[in-house]
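Input: a single structure, listed below in structure tokens.
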Amino acid sequence: MVGQSRTIVTAARRLNRASGMIAGSVLIDSAMEHYRGNFSNRAMWTPLATAAMTIGASAHGLGDRQHGAHTVRDTIYSTAGAVGLVGTAFHIYNITKQVGGLSWQNLFYAAPLGAPAAITLSGITGFLAERVRHNRPGTPELIFGYPAGQVVAGGTALSLLATSAEAGLLHFRGAFHNPAMLLPVTMPPISAALLLRAALTGSAGRMTTYFVGATAAMGLAGVVFHAYGVSRNKGGFKNWRQTLFAGPPLPAPPSFTGLALAGLSALSLIRRARRG
1 MVGQSRTIVT AARRLNRASG MIAGSVLIDS AMEHYRGNFS NRAMWTPLAT AAMTIGASAH
61 GLGDRQHGAH TVRDTIYSTA GAVGLVGTAF HIYNITKQVG GLSWQNLFYA APLGAPAAIT
121 LSGITGFLAE RVRHNRPGTP ELIFGYPAGQ VVAGGTALSL LATSAEAGLL HFRGAFHNPA
181 MLLPVTMPPI SAALLLRAAL TGSAGRMTTY FVGATAAMGL AGVVFHAYGV SRNKGGFKNW
241 RQTLFAGPPL PAPPSFTGLA LAGLSALSLI RRARRG
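What follows is the structure, encoded as structure tokens:
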């Protein structure tokens, strides 16, 4: 029972950490993009405040070794999920009101369609962390009556696919001029497929762990690639006031790392459930 207790709390804390990493990516990315837009709409401050609160909740959860969902963390995570959905609606409106409406030009250069969804993914990951933590030692690890590991694996798989689609749109805009730009549209979908299989079968093979772990590493490596992309702009980092905003976005790739960490947590829960 002690071992199960430790596993439950450890898995929940890992999910808190994953949620915080995604929220950190959102905080920096939205701050830069909305600053570039001069915060012309007061609502543009909302994702910054929400992401900051989510980071705080995740840091608190990471340090919490107790069982039971935390009311304040739950509220913050749920709010983050809702804010992301509203933000997505705002961005869709921003795109459709442009000349040409829902065109490739506007999808490429207007408000990024998938960006607000990242804070929703952070909120969902944190919400799942609290559901995992709410399980008691000596009882099956469940989320809404279903095996916790499989629920988290399924949710993470869908999140990876959505994030990969957003990266694919922007890398398509860049004509995939660097072969490494193919990684975010190939590795995460493979990891997602393997996680979906784990969610449906309740088993986690080494190949799944390998690809999900590689996806986590890819997210960190993506920051390096994006930094190289920034350095190639006129003036490089010496002209950072312009080149950082011209892209590619430095804070974006760690979202993959955060989601992959959630996937690894799901796999640990699945293995624990199979061991009984």
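This note's numbering puts the first residue of the sequence shown at 1, with every later residue one more than the last. Every residue, glycine too, gets a C-beta built ideally from N, C-alpha and C.
Integer Cβ distance of L250 from L244, believed to fall under 8 Å:
Taking the first residue of the sequence shown as position 1, residue 250 is located at position 250. Taking the first residue of the sequence shown as position 1, residue 244 is located at position 244. The pair is a contact, with the Cβ atoms about 7 Å apart (cut-off 8 Å).
Using a Cβ cut-off of 8 Å (strictly closer), state whether T75 contacts chain B.
No chain B appears in this structure, which consists of one protein chain only.
Classification of H177 by the beta-carbon crowding that lies within 10 angstroms, buried from 16 upward
Indexing the sequence shown from 1 puts residue 177 at position 177. It is exposed - the Cβ of H177 has fewer than 16 other Cβ atoms within 10 Å.
Separation of Y93 from G100, as counted between CA atoms
By one-based count along the sequence shown, residue 100 stands at place 100. By one-based count along the sequence shown, residue 93 stands at place 93. Straight-line Cα distance between these residues: approximately 13 Å.
Helix, strand or coil for V2 per DSSP?
Within the sequence shown, residue 2 is the residue found at index 2, counting from 1. Low local confidence applies: a pLDDT of 49 at V2 is under 50, so the model's placement there is unreliable, with the coordinate-based value given in what follows. Helix, per DSSP.
Pick from P188, G154 and G145: whose alpha carbon is nearest that of T163?
The residue you call residue 163 lines up with position 163 of the sequence shown. If we check each option's Cα against that of T163, P188 comes out closest.
Just checking my contact of A299 with A199 at CB under 8 Å: how many whole Å lie between their CB atoms?
In the structure as shown, the chain starts at 1 and stops at 276, and residue 299 therefore has no counterpart that could be examined.
Can you look up L158 in the DSSP assignment and give me helix, strand or coil?
On the sequence shown, residue 158 is found 158 positions in, with the first residue counted as 1. It is helical.
Just to confirm before moving on: does the CB-CB distance between L62 and H91 stay below 8 Å?
One-based indexing of the sequence shown puts residue 62 at position 62. One-based indexing of the sequence shown puts residue 91 at position 91. Cβ atoms of L62 and H91: not closer than 8 Å.
Tell me the rounded alpha-carbon separation between V223 and G138.
Residue numbering aside, residue 223 sits at position 223 when the sequence shown is read from its first letter. Residue numbering aside, residue 138 sits at position 138 when the sequence shown is read from its first letter. Cα to Cα, V223 sits roughly 42 Å from G138.
Report back the beta-carbon spacing between V185 and A214 to the nearest angstrom; my notes put them in contact at under 8 Å.
In the sequence shown, the residue the question calls residue 185 occupies position 185. In the sequence shown, the residue the question calls residue 214 occupies position 214. V185 to A214, Cβ: 14 Å. No contact.
Selection from G219, A221 and A246 that minimises the alpha carbon distance to S282:
The requested residue 282 is not part of the displayed model; the chain covers only 1 to 276.
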